[in-house]
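Structure record follows, encoded as structure tokens.
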Amino acid sequence: MGGYARFVWPCYAFVFGVLAWNLWAAARYQAEARKRALRSLAMSGDER
Amino acid sequence: MSATRAMILVVARELRLSFRRPDQLLQPLVFFLIVTTLFPLGLNLQLSLLKDMAPGVLWTAALLSSLLSLESLFKGDADDGTLEQLVLSGHSLTVIVIAKTAAHWLLSGAALVLASPLVAIALGIPVAAFGTMFASLVLGTMTLSWLGSIGAALTVGLKRGNVLLSLIVLPLAMPMLIFGAGATDRAISGMSPAGALYFLGSLCLFTCTLAPFAASAALRITLE
Amino acid sequence: MWTWFYRLASPPFVYRTAGTLTPWFMAAAAVAIGYGTIAGLLFAPPDYQQGDAFRIIYVHAPSAWLSLFAYTTLAVAGAIGLIWRIKMGHAVSAATAPIGASFTLAALLTGSLWGRPMWGTYWAWDPRLTSELILLFLYVGVMSLRAAFDDPGRGDRAAALLGIVGVVNVPIIHYSVVWWNSLHQGATVAKIGKPAMPGSMLWPLLAMFLGFMCFYGAVLCMRLRGEVLNRERQSAWVREAIQS
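Chains as they are written, first to last, in our numbering: chain Z, 1 to 48; chain Y, 49 to 272; chain G, 273 to 516.
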């Protein structure tokens, strides 16, 4: 990288890390929302 | 009752209530004086060198002490139900917000401006720069009161709303800090502070025309 | 005529559509980012001034652009929620906030690493960098405000108002390099007519912009589904939607 490697690679690593975090966090958010919704459905189902 | 009369009554009430609690009135002022003392003590510089960072120190201290007094802008009235009465009074909430914020500035911002010569001398700011310092502080503290009214309206009634208030208001106040300190800095160096002061003035105008609407909308959201 | 608009506001429609769009956005993002990264790192020629350090632009510029785009989305969606009381507006606003904040952080950090070899410093208090930092604080403020309310509806509306107030920062960031003498370079891509970059450097950059936007769309759809579920937990349609 023409001597700039120690600047370029950390940049790419960090940004791809941010991309990965976004995917992981969004998936986890969706999964937890789903779990909470299932639980609230189960609870209201029992009340019937 | 006309809007003007309502405004005057609200301002008068604010002033009267605040003067009943002079300790609460003086606390932000004392905080301002203490914080400006901290910087020279911590940095241990000679007065001649201190004046280079004096505008920044002055402005940061003014910002922080204004934040202290902002919490009480709506909180007292919200706690005892007066705020809801004001909302229901039939007067435009925007007018009431303008009145309360103007009173707040009179009690805190104006006090800071009056105390600033003391602090300026302690920080080594030359007397020639005092005019610019006053002008920038007046414009800046007014802008801060208006910005703060939005933050105070959004956080009224929240637990630990004061931390959130700072978190909301400080980023919005950063441009004002940059130009306010910049204007005083230029005056100290002998350059013309006109550009920075004009910009500060336009920031102040922009804020004071739009903030009351935002703050009253925020009050409607948080009070319902 | 307005039925399509009302459909946009309907939570089951939003949930279903977000679910359908996500894989397409992800596929487009993967292709575009893949091409952009490889071409940008390997095939674009080194800059005559900056050498290989300029390759940071392929991650820095799209991140910065996304940080602005996401905040604008946050503000506009919040305004839609506040003014027309369309709850899906608040859902979009809430979903986009953490995504935008992460890209603001990415822009700041990659910019800092790029600044070290180029300007000799990791940081400078110049208008663009300062206003981008303020943007990060605004994101944090909006997210904190929304979370501080016990009543989620009130939290949504307060956060929407704050988002709108803060949107004034977005044009400041964008035009800061025009209005002030800034250390940060001016517009190279957005110039109308001939951009200041040769094609071999430009195409990977455009691909990265497109890829990041598609990625944003994918992640936004994913988070949006979670937001919709959280807000509409009690509704009847949710039962079938999540048990399928």
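Positions of the beta carbon are idealized from the N, C-alpha and C atoms, including for glycine.
- Query: Checking contacts by CB at 7 Å: is G:Arg288 closer than that to chain Y?
  - Reply: Taking the third sequence and counting its residues from 1, one reaches residue 288 of chain G at position 16. Not an interface residue.
- Task: Return the residues of the segment 363–380 of chain G that lie within a Cβ-Cβ distance of less than 8 Å from chain Z, sorted by chain order.
- Result: For the segment 363–380 of chain G, which is checked against every Cβ of chain Z, the residues closer than 8 Å are Pro370, Ile371, Ser374, Phe375, Leu377, Ala378.
- Message: Could you tell me the alpha carbon to alpha carbon distance between G:Asp423 and Y:Glu272, rounded to whole angstroms?
- Response: To locate residue 423 of chain G, count along the third sequence from 1; it is residue 151. To locate residue 272 of chain Y, count along the second sequence from 1; it is residue 224. Within the model, the alpha-carbon separation for G:Asp423 versus Y:Glu272 is close to 11 Å.
- Cβ atoms of G:Gly308 and G:Pro443: under 7 Å apart, would you say? Here residue 443 of chain G corresponds to residue number 171 of the third sequence, with the count starting at 1. Here residue 308 of chain G corresponds to residue number 36 of the third sequence, with the count starting at 1. No. Outside cutoff.
- Query: Whose C-beta lies closer than 7 Å to the C-beta of G:Trp337 among residues of the same chain, with five residues either side of it excluded?
  - Reply: Locating residue 337 of chain G in the third sequence gives position 65, counting from the first residue. Answer for G:Trp337: Phe481, listed in chain order.
- Item | Min CB distance Z:Arg39 to chain G below 7 Å | Against the first sequence, residue 39 of chain Z aligns to sequence position 39. Not a single C-beta of chain G is nearer than 7 Å to the C-beta of Z:Arg39.
- Query: Quick one: which chain G residues come within Cβ less than 7 Å of Y:Ile198?
  - Reply: Counting from one through the second sequence, the residue named residue 198 of chain Y turns up at place 150. Those are Val437, listed as they occur along chain G.
- CA nearest to the CA of Z:Glu32, picked from G:Gly438, G:Trp509, G:Arg503, G:Leu381: Reading the first sequence from its first residue, position 32 is the one you call residue 32 of chain Z. Nearest C-alpha to Z:Glu32: G:Arg503.
- Message: Strictly under 7 Å for the Cβ-Cβ distance: is Z:Ala26 near chain G by that measure?
- Response: Numbered from 1 along the first sequence, position 26 holds the residue referred to as residue 26 of chain Z. Yes - at least one Cβ of chain G is within 7 Å of the one on Z:Ala26.
- Message: Which residue wins for smallest C-alpha separation from Y:Gly243, given the options Y:Ala266, Y:Pro260, Y:Thr180?
- Response: The sequence position of residue 243 of chain Y within the second sequence is 195, counting from 1. Per the Cα distances, Y:Thr180.
- Beta-carbon proximity check, G:Cys486 vs G:Phe297, cutoff 7 Å: Here residue 486 of chain G refers to the residue found at position 214 when the third sequence is read from its first residue. Here residue 297 of chain G refers to the residue found at position 25 when the third sequence is read from its first residue. Yes; because the gap between Cβ atoms is below 7 Å, this pair is in contact.
- Item | Coil, strand or helix - G:Asp398 by DSSP | Position 126 of the third sequence, counted from the first residue, corresponds to residue 398 of chain G. Of the three classes helix, strand and coil, the one that applies to G:Asp398 here is coil, per DSSP.
- Distance between G:Glu404 and G:Ile445 (C-alpha atoms, nearest Å): One-based indexing of the third sequence puts residue 445 of chain G at position 173. One-based indexing of the third sequence puts residue 404 of chain G at position 132. Rounded to whole angstroms, G:Ile445 to G:Glu404 spans 6 Å at the Cα level.
- What is the rounded straight-line gap between the Cα of Y:Thr142 and the Cα of Y:Arg53? Residue 142 of chain Y sits at position 94 when you count from the first residue of the second sequence. Residue 53 of chain Y sits at position 5 when you count from the first residue of the second sequence. When the Cα atoms are used, Y:Thr142 and Y:Arg53 turn out to be separated by approximately 14 Å.
- Message: Short of 6 Å in beta carbon distance, which residues of its chain neighbour Y:Cys252, apart from the five on each side in sequence? Order them along the chain.
- Response: Along the second sequence, read from residue 1 onward, the residue named residue 252 of chain Y stands at position 204. Within its own chain, the residues whose Cβ lies closer than 6 Å to the Cβ of Y:Cys252, once the five positions on either side in sequence are excluded, are Leu187, Met190, Thr191, listed in chain order.
- Query: Do you know offhand how far Y:Leu15's Cα is from Y:Ala110's?
  - Reply: Lying outside 49 to 272, the shown extent of chain Y, residue 15 of chain Y is not represented and no answer is given.
- For G:Ser454 versus G:Asp398, is the C-beta distance shorter than 7 Å? As a first step, residue 454 of chain G is located in the third sequence; it is residue number 182 there, counting from the start. As a first step, residue 398 of chain G is located in the third sequence; it is residue number 126 there, counting from the start. Here G:Ser454 is near G:Asp398, since their CB atoms are less than 7 Å apart.
- Task: Find out if the Cβ-Cβ distance for the pair G:Leu346, G:Ser365 is shorter than 7 Å.
- Result: Indexing the third sequence from 1 puts residue 346 of chain G at position 74. Indexing the third sequence from 1 puts residue 365 of chain G at position 93. Closer than 7 Å, so yes.
- Item | Closer than 7 Å at the beta carbon, the chain G residues around Y:Ala183 | On the second sequence, position 135 is the one that residue 183 of chain Y refers to. In chain order: nothing, as chain G lies at least about 22 Å away.
- Rounded to whole angstroms, what's the CA-CA distance from Y:Thr257 to G:Val440? Just pull it up for me. Locating residue 257 of chain Y in the second sequence gives position 209, counting from the first residue. Locating residue 440 of chain G in the third sequence gives position 168, counting from the first residue. Approximately 14 Å, taken between the alpha carbons.
- Beta-carbon proximity check, Y:Ala183 vs Y:Leu245, cutoff 7 Å: For the purposes of this step, residue 183 of chain Y is identified with residue 135 of the second sequence, where counting begins at 1. For the purposes of this step, residue 245 of chain Y is identified with residue 197 of the second sequence, where counting begins at 1. A contact, by the Cβ cut-off of 7 Å.
- Message: In the DSSP output, what is G:Asp422 paired with across the bridge?
- Response: Locating residue 422 of chain G in the third sequence gives position 150, where the first residue counts as 1. Looking at the DSSP assignment, G:Asp422 forms no beta bridge with any residue, so it has no partner.
- Task: Check whether the Cβ of Y:Pro241 lies closer than 7 Å to any Cβ atom in chain B.
- Result: Given the protein chain composition of this structure (Z, Y and G), no chain B is represented.
- Message: Please list, in chain order, the chain G residues whose beta carbon lies closer than 7 Å to that of Z:Ala33.
- Response: As a first step, residue 33 of chain Z is located in the first sequence; it is residue number 33 there, counting from the start. Against Z:Ala33, the close residues of chain G are Gly498, Leu501, Asn502, in the order they occur along the chain (beta-carbon pairs closer than 7 Å).
- Message: Taking CB distances under 7 Å as the criterion, tell me whether Y:Ala225 reaches chain G.
- Response: By 1-based counting over the second sequence, the position of residue 225 of chain Y is 177. Ala is not the amino acid found at residue 225 of chain Y; the sequence shown has Leu there. Y:Leu225 has a beta carbon lying at 7 Å or more from every beta carbon in chain G.
- Message: Please classify Y:Asp127 as buried or exposed, where buried requires at least 16 neighbouring CB atoms within 10 angstroms.
- Response: As a first step, residue 127 of chain Y is located in the second sequence; it is residue number 79 there, counting from the start. Y:Asp127 is classed as exposed because its beta carbon has fewer than 16 other beta carbons within 10 Å across all chains shown.
- What are the partner residues of Y:Asp71, as DSSP defines its beta bridges? Position 23 of the second sequence, counted from the first residue, corresponds to residue 71 of chain Y. Looking at the DSSP assignment, Y:Asp71 forms no beta bridge with any residue, so it has no partner.
- When Y:Gln94, Y:Ile198, Y:Leu225, Y:Leu97 are compared against Y:Lys123, the one with the closest alpha-carbon: Mapped onto the second sequence, residue 123 of chain Y falls at position 75. Considering only alpha carbons, the answer is Y:Ile198.
- So which residues on chain Y does G:Val331 lean against when the C-beta distance must stay under 9 Å? Locating residue 331 of chain G in the third sequence gives position 59, counting from the first residue. Per Cβ cutoff of 9 Å: no residues; G:Val331 is ~25 Å from chain Y at best.
- Would you say Y:Val175 and Y:Ala263 are within 7 Å of each other, going by their C-beta atoms? The residue you call residue 175 of chain Y lines up with position 127 of the second sequence. The residue you call residue 263 of chain Y lines up with position 215 of the second sequence. No, they are not a contact pair.
- Message: Let me confirm a value: G:Pro317 is counted as buried when at least 16 other C-beta atoms fall within 10 Å, else exposed. Which label applies?
- Response: Position 45 of the third sequence, counted from the first residue, corresponds to residue 317 of chain G. So G:Pro317 ends up on the exposed side.
- Item | Contacts that Y:Leu202 makes with chain G (C-beta to C-beta distance below 8 Å) | To locate residue 202 of chain Y, count along the second sequence from 1; it is residue 154. At a beta-carbon threshold of 8 Å, the residues of chain G lying near Y:Leu202 are Leu417, Ala430, Leu433, Leu434, ordered along the chain.
- Task: Name, in chain order, the residues that DSSP records as bridge partners for G:Asp319.
- Result: To locate residue 319 of chain G, count along the third sequence from 1; it is residue 47. In DSSP, G:Asp319 forms a bridge with G:Gly323.
- Message: Going by DSSP in three states, G:Thr393 sits in which element: helix, strand or coil?
- Response: Counting from 1 along the third sequence, the entry for residue 393 of chain G is found at position 121. G:Thr393: coil per DSSP, three-state reduction.
- Query: From Y:Thr85 to Y:Glu132, what distance separates their C-alpha atoms?
  - Reply: Locating residue 85 of chain Y in the second sequence gives position 37, counting from the first residue. Locating residue 132 of chain Y in the second sequence gives position 84, counting from the first residue. One Cα belongs to Y:Thr85, the other to Y:Glu132, and the distance between them is close to 41 Å.
- Compare the C-beta of G:Met494 with all C-beta atoms of chain Z and state if any pair is closer than 7 Å. Along the third sequence, read from residue 1 onward, the residue named residue 494 of chain G stands at position 222. Closer than 7 Å: yes.
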